Every structure is written in C-alpha cells, then in structure tokens.
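Written out below as structure tokens is the structure these notes cover.
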Amino acid sequence: MMSSAGADGVDGPRPALAARLRGVRKRFGYRDVLRGVDLDIERGACLAVAGPNGAGKSTLLRILSTQWTATAGEVEVLGLDARSEPLAVRRRVGVCAHESFLRRELSLEENLRFAGDLFGLRGKPLEERIGRLSETFGLAHRRKDRVAIFSQGMLRRASLARSLLHEPELWILDEPFSGLDAAGRDILREAIRAFHGSGGTVVLVTHEAALSEALATSTLRVEGGLLVSGSAGDAVSVGGGPGEP
Amino acid sequence: MRSIRLVAAIIRWDVIREMRRRDTVPNMILFALLVLFVAQMGIGPDRGPESAAGRVGPVFFWITVLFAGTVGLARAFSVERESDGLGAILTSPADLGLFYLAKVAATWAYVMVMSAAALGIYSVLFGFSAWGKLGLILGAEAVFSLAYIAVGVVLAAMTSSTGGASEVLLRILLFPMMIPIVWLTLRTSERLFEAEIAGGALGPPIRPMHFFAAALAFDTIYLCAGYLLFPKVLEE
Chain A
1 MMSSAGADGV DGPRPALAAR LRGVRKRFGY RDVLRGVDLD IERGACLAVA GPNGAGKSTL
61 LRILSTQWTA TAGEVEVLGL DARSEPLAVR RRVGVCAHES FLRRELSLEE NLRFAGDLFG
121 LRGKPLEERI GRLSETFGLA HRRKDRVAIF SQGMLRRASL ARSLLHEPEL WILDEPFSGL
181 DAAGRDILRE AIRAFHGSGG TVVLVTHEAA LSEALATSTL RVEGGLLVSG SAGDAVSVGG
241 GPGEP
Chain B
1001 MRSIRLVAAI IRWDVIREMR RRDTVPNMIL FALLVLFVAQ MGIGPDRGPE SAAGRVGPVF
1061 FWITVLFAGT VGLARAFSVE RESDGLGAIL TSPADLGLFY LAKVAATWAY VMVMSAAALG
1121 IYSVLFGFSA WGKLGLILGA EAVFSLAYIA VGVVLAAMTS STGGASEVLL RILLFPMMIP
1181 IVWLTLRTSE RLFEAEIAGG ALGPPIRPMH FFAAALAFDT IYLCAGYLLF PKVLEE
C-alpha cells in the first residue's frame, strides 16, 4: 500500500541508519530543551517516543524533520546531513505534526495537489496517489470538500494522507492518534503497519503505552531534554549526558 | 524550469485562496477609498496644478498606496500562520527563496489591483486629468509597490509571529526603509501628475526615465537581499 522507496528514486547505497544524532542540543533563549542527545535509529525500525509534556519530544521530531536546526551537535537523516542538505532530507521524510499543514480554504484534493506541487509530483502518478491515500484514510467521499469544514479527526486523517503523498522513507508522527475516533485509529494503526512492513522507518510520539507495545519495535523515553531509556531491541541505541549549565 | 513551475504553482494556489477568502484586496481598496475621501474633504473643491489638490494630492495618493499596501502585506503572512500553511512549505523540499519570490509576486499582484483602483478613486475625488501619463503612473506604481513589497514580505514573515503587534511592528520597521523610494517617487510625481507638489520645496522634479532607472535599481537590491534573507527568517 505504501512504499518506502522514496519519491525521487535516490540512487546509491542505502545507509544502515535512518537517523544518527550526536550531542544534539536545542536552546530557546536561556532554556535547553534538548541537552546533548545521542541517538541511532536503524532503518526499518518503528520507534515509539514517550515522555512527559515539555520533555523535548516534539523538538526532537522537528530537528529530525529539519523544521528546526540543532543549536549544537550532528544530525544525519537517511545518510544526509540535516544542516547542509535539509531540502534533500525533506524530500524523503513525511511529517504529520500537531498542526495539519493544510490550507483551510482549499479542498482535501487541492491541498494534496498543492503538496504535490511542492514535492515536484505531477500528472498520473500524483492523481493515483491522491486517490489511493484518500481511500486509505477513509476520505474518498470528502476529497472535494474544503478542509475548513472538516472535524478534528478528519483533519488529522487528511494531514496523515498529506504526509505520505511523496512516499517518504521515514515517517515522523507527533501524537497522530489524538483526535481520531475508533475507526480512524484502526486505519492509522493499519497504515503504520503497512508502511513499516514495506521497509519504511517510523518515529512516533505517543503517550499511549498500549499503542507503543502494539506497533513499535523499539521505545524511547525523553525527560528533561535527555533520552533516559531505550528498549532492549537493537533498532535504536541511545545515549546523552547532562548539558552545560 | 522546475523552479519556475514551483513559483507559478505557489502563486496560483495563493491567488485561489485569496479569491475564496476575498479579504486582502477588498480590505486594501476600502482603506484606500477612506484615506483619499478624508483627504479630499480636507483639501476642498479647488483643482489645478497650483491648487491645494495639485500641491498635496499626489502626496496623499502615494501615501495611500503605501499604507493600503501594508494592509495586504500583513495579511500575506498572518493568513499562513492562521491556517498552518507555513508548515506545508517548511516540511517540503521547496526552496524558501523561491517561496519568497512567489509570495512577493502574489502580493504585488494584489497591490497592483488596489493601486489601479486607488488611481480611479483619486481621479474622481481630486479631478486628476493627465490621462496621457496613465501608463507612466501605472508603471511608477508598479516599481514603487515592488520596492516596499520586496522588503515588506521579509519583515511580515519576521513580525507575523508576534501576534497582535505584528502589523504595528511591520509598519515601524518598513516605513523608515522606504524613505528613499518615497522621496524619489514624490520628486517625479510633479511630471507624472502635472502638479506642483509642496510648492517645489522637494527640489527640481526628476525625469520619469531617471526615476524608473533608480527605482528598478532599488527593486533589484531589495529583491536580492530578500531572496537571501528570507530563508533565514523563516527557518525558525
């Protein structure tokens, strides 16, 4: 259903790691949100990230998706340096964040076409993907409707569809289950399994332990800007120490 | 080719959104109408190059174009922030410099619609009759508007995250930077509007061709600076 081959067919050997972080810090004003994070995420992993509010989970995801740059440290995503090659990283990463990233005045189909334009997708392949993703997320009957009238759950589904349009290799999901009804949660669980099953790497922030257990091959806990624990699985290794005062 | 296609696509979706919202252009035109109407009431009914309308009318016209244009500028990014639209750009491989150029082009198109409407309103309220100069005046509006939009889009991106203060901040930052282009425009307006602005206190008028050369130089510098600075502003 969902390929992890990448939209642009990037050639060359695939790096073993989907992401590699070394000594990553993120500072806002006088506050360190991430304090020296070391993390390896292997390709094909499904990593669930947990932790209290304000721990730095979303910051970690934003740095992985190159929306934000780290104040210090090294970030490699899919073998690419996030600081010097952010556009190449974005081409291969799908992001579903708290915000929908959808324009309210446009219909779902138009939003997906707009996303297609941004990713350089056109013609029949784009039409096929729009049709397939609308179907997958149960929105085929609403694809002509403006997203301004969508419920919170439908916005979430639309945002999920948008994040997969360019067939990313790494799918980053920030609390994707929030706002979804039972049917939506089933659809998303199935979508994550299908994406992961096709070789894609998933990084998922969730507060629900049951979902982590059901979906994730590895888990990670973030507290106070540090990775405090990882699972025994070999798909993720963590490290990090206290930051400078 | 791919860059041109991307810029065209962003402009197209921006215009579609504006046509559905119908708020930026009507807001600007209403603002222009109000400013020119109030100014005309203060000036009185006399017309001609040496009348009050002739001396200060063009000044009011350019102030209106600048102030009404900043209404559109402020909307350019508040709309993006309101609708989560920026995230779509920041998680895509689209070059932010190209996004800047597309945003400038779309905003410029809206401002030109407003400027043309403002000229129509001005001609009715101030008895403008130099129709032989219409092409030159529209050209002057185009290069004048492009200058403040090229700078204003960068500033609007900077200030749009400051909430309610964003429009005030935008004007405080933008207007001082526009003094050279405003001065140039006023000095050539005596020729364009066939009027004696401020009793000749601005100095001898500038020939339109010299004005266009200088204004285009400003536009080019502002656009290049904006293209380079905009990605840094938007990244975080």
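Top to bottom, those sequences are chains A and B.
Just so you know, the first sequence maps onto residues 1 to 245 in this note's numbering.
Just so you know, the second sequence maps onto residues 1001 to 1236 in this note's numbering.
Beta carbons: idealized from backbone N, C-alpha and C, even for Gly.
Since we're looking at a predicted model, the values are computed, not measured.
Pull the bridge partners of residue i from the DSSP assignment, please.
i: Ser107/A; result: Arg146/A
i: Arg25/A; result: Arg35/A, Ala72/A
i: Ala194/A; result: None; Ala194/A has no bridge partner.
i: Thr219/A; result: Ala48/A
i: Trp171/A; result: Gly94/A, Val202/A
i: Arg20/A; result: Asp40/A, Glu76/A
i: Leu226/A; result: Glu223/A
i: Asp81/A; result: Glu76/A
Run the CB neighbour count on residue i, radius 10 Å, all protein chains shown included, and call it buried at 16 or more, exposed below.
i: Thr206/A; result: buried
i: Met154/A; result: buried
i: Trp1183/B; result: exposed
i: Ala45/A; result: buried
i: Glu128/A; result: exposed
i: Arg20/A; result: buried
i: His166/A; result: buried
i: Gly1085/B; result: buried
i: Arg1055/B; result: buried
i: Phe1099/B; result: buried
i: Asn53/A; result: exposed
i: Asp40/A; result: buried
i: Lys1232/B; result: exposed
i: Arg1022/B; result: exposed
i: Gly1044/B; result: exposed
i: Arg1207/B; result: exposed
i: Gly241/A; result: Below a pLDDT of 50, predicted positions are generally treated as unreliable, and Gly241/A, at 41, falls in that range; no measurement from the model is reported.
i: Ser100/A; result: buried
i: Phe28/A; result: exposed
i: Arg156/A; result: buried
i: Gly1042/B; result: exposed
Taking the C-alpha atoms as reference points, what is the distance between residue i and residue j?
i: Leu1223/B; j: Leu121/A; result: 28 Å
i: Val202/A; j: Leu47/A; result: 6 Å
i: Ala1008/B; j: Ala1106/B; result: 10 Å
i: Gly138/A; j: Leu1186/B; result: 59 Å
i: Met1/A; j: Ala183/A; result: Low confidence applies here, because Met1/A scores a pLDDT of 35, under 50, leaving its location unreliable and the question unanswered by this model.
i: Gly56/A; j: Val222/A; result: 7 Å
i: Val49/A; j: Ala191/A; result: 18 Å
i: Gly94/A; j: Glu85/A; result: 16 Å
i: Gly123/A; j: Arg132/A; result: 14 Å
i: His1210/B; j: Ala1225/B; result: 23 Å
i: Gly224/A; j: Ala1088/B; result: 29 Å
i: Arg91/A; j: Gly51/A; result: 28 Å
i: Ser1115/B; j: Val1025/B; result: 10 Å
i: Lys26/A; j: Arg35/A; result: 7 Å
i: Arg1017/B; j: Leu226/A; result: 42 Å
i: Val1153/B; j: Ala1053/B; result: 33 Å
i: Ala7/A; j: Gly73/A; result: Its pLDDT being 40, under 50, Ala7/A is placed unreliably in this model, and the value from its coordinates should be taken loosely. Rounded to the nearest angstrom, the two C-alpha atoms are 29 Å apart.
i: Gly23/A; j: Leu1173/B; result: 38 Å
i: Thr1091/B; j: Val1015/B; result: 22 Å
i: Ala18/A; j: Leu1229/B; result: 31 Å
Within the same chain, show all residues whose beta-carbon is closer than 6 Å to that of residue i, passing over the 5 residues directly before and after it, in chain order.
i: Ala1117/B; result: Ile1029
i: Thr1064/B; result: Ala1032, Val1035, Leu1036, Ala1118
i: Ser134/A; result: Ala140, Arg143
i: Tyr30/A; result: none
i: Glu244/A; result: Below a pLDDT of 50, predicted positions are generally treated as unreliable, and Glu244/A, at 38, falls in that range; the measurement from the model is reported next regardless. Same-chain partners within the cutoff: there are none.
i: Glu1080/B; result: Leu1086
i: Ile1121/B; result: Leu1033, Leu1036
For residue i, I'd like the list of residues in its chain whose CB is within less than 8 Å of its CB, leaving aside the five on either flank, ordered along the chain.
i: Ile1181/B; result: Phe1144, Ala1147, Tyr1148, Ala1215, Phe1218
i: Glu175/A; result: His98, Val205, Thr206, His207
i: Ser107/A; result: Arg143, Lys144, Asp145, Arg146, Val147
i: Asn308/A; result: Nothing in the structure corresponds to residue 308/A, since chain A is present only between 1 and 245.
i: Leu1170/B; result: Thr1070, Leu1073, Ala1074, Gly1152, Leu1155, Ala1156, Thr1159
i: Val1104/B; result: Leu1146, Ile1149, Ala1150, Val1153, Leu1223, Gly1226
i: Glu109/A; result: Ile130, Ser134, Arg143, Lys144
Considering only residues of the same chain and omitting the five flanking positions on each side of residue i, which have a CB-CB separation below 7 Å?
i: Ser1166/B; result: Ala1074, Ser1078, Thr1159, Ser1160
i: Ala1094/B; result: Leu1006
i: Ala1142/B; result: Met1112
i: Ala88/A; result: Leu80
i: Trp1108/B; result: Ser1145, Leu1146, Ile1149
i: Ile1010/B; result: Phe1099, Ala1102
Residue i: which of the options sits nearest, CA to CA?
i: Phe1061/B; options: Ser1083/B, Val1015/B, Ala1076/B, Phe1126/B; result: Phe1126/B
i: Thr59/A; options: Ala82/A, Gly51/A, Arg83/A, Val33/A; result: Val33/A
i: Ser212/A; options: Gly200/A, Ser65/A, Leu227/A, Leu173/A; result: Leu173/A
i: Trp1013/B; options: Ala115/A, Ala70/A, Ser163/A, Ala161/A; result: Ala115/A
i: Ser159/A; options: Arg104/A, Phe195/A, Ala82/A; result: Arg104/A
i: Ser1051/B; options: Gly1132/B, Glu1194/B, Tyr1227/B; result: Glu1194/B
i: Glu42/A; options: Ser178/A, Leu118/A, Ser151/A, Glu76/A; result: Glu76/A
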